[in-house]
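Quick note: the sequence shown uses the working numbering, first residue 101, plus one each step.
Don't be surprised by glycine CBs; every beta carbon is placed ideally from N, CA and C.
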Amino acid sequence: MSLSTECAGPLLNARPANGERKLSAWRKPKVWAVVRQFTTIGNWLPERDDGVPLTTTRMPGSEEYQIGCRRVTQLGNAIYVEELNGIDDVTHELNYALISYPGATNPFPYSLINFQGKVIHKDVSLGNSTFIQWSGTFETEPEGKETMVNELEAWLRAAIFSLARYLQTNGTGKGNRYQV
Numbered sequence: 101m102s103l104s105t106e107c108a109g110p111l112l113n114a115r116p117a118n119g120e121r122k123l124s125a126w127r128k129p130k131v132w133a134v135v136r137q138f139t140t141i142g143n144w145l146p147e148r149d150d151g152v153p154l155t156t157t158r159m160p161g162s163e164e165y166q167i168g169c170r171r172v173t174q175l176g177n178a179i180y181v182e183e184l185n186g187i188d189d190v191t192h193e194l195n196y197a198l199i200s201y202p203g204a205t206n207p208f209p210y211s212l213i214n215f216q217g218k219v220i221h222k223d224v225s226l227g228n229s230t231f232i233q234w235s236g237t238f239e240t241e242p243e244g245k246e247t248m249v250n251e252l253e254a255w256l257r258a259a260i261f262s263l264a265r266y267l268q269t270n271g272t273g274k275g276n277r278y279q280v
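See the structure below:
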């Protein structure tokens, strides 16, 4: 079963019911400068609400900003590896894939198979701000469909809020914890 989920909107403090967010004070170059750093996403992503921290590191031999660059993401005892599949500094689009769970440490309640993520930034003409769309497609067991879509949507919302918080604090703070 192939599924997709996304969280999008012009990003910040408002919390509309449709999941949109507003990064009103930041123009695309500043937002993109943070997001395009594929292996440092752990600097601004939140920990879970149970206090489990999230960290990321670049795999040895990987070159930042290069197709094929790999990051290791650790969420508590769970570890997964993601690979940069595309980065475009003109359109401000980043594509990546989850490629493995070393030691079978899937941090999710069901399988997350063939996950493909995409982050796109666009200028918003009103207010000179940035629109961000973060989406993912994946496969999972039929009985896990609703749970996994909810889990990933919560993570994407938290990531967008965390990015706004990181920018608000000039790189010194992460956003709120996200609920599991």
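Classified as buried, Ile-141 has 16 or more neighbouring CB atoms from the shown chains inside 10 Å of its CB. Here DSSP, grouped into helix, strand and coil, assigns Arg-171 to strand. The C-alpha of Ala-178 is placed about 10 Å away from the C-alpha of Leu-154.
Here Gly-186 is exposed. Its C-beta has fewer than 16 other C-beta atoms within 10 Å. Less than 8 Å divides the Cβ of Val-172 from the Cβ of Thr-157. The C-beta of Met-248 has 16 or more other C-beta atoms within 10 Å across all chains shown, which makes the residue buried. Within a 10 Å sphere around the beta-carbon of Gly-203 sit fewer than 16 other beta-carbons, which makes this residue exposed. Of the other Cβ atoms in all chains shown, fewer than 16 fall within 10 Å of the Cβ of Tyr-165; this residue is therefore exposed. Counting only the Cα atoms, Ala-197 lies some 16 Å from Pro-207. For Arg-257, no beta strand (DSSP E) encloses it; the enclosing alpha helix (DSSP H) starts and ends at 245-268.
Distances from the alpha-carbon of Leu-252 to those of Glu-183, Gly-217, Ile-232, Gly-176 put Gly-217 closest. When only Cα atoms are considered, Leu-145 and Ser-262 end up about 6 Å apart.
In this chain, the beta strand (DSSP E) harbouring His-221 covers 213-224. Around the C-beta of Glu-243, fewer than 16 other C-beta atoms lie within 10 Å, and the residue is accordingly described as exposed.
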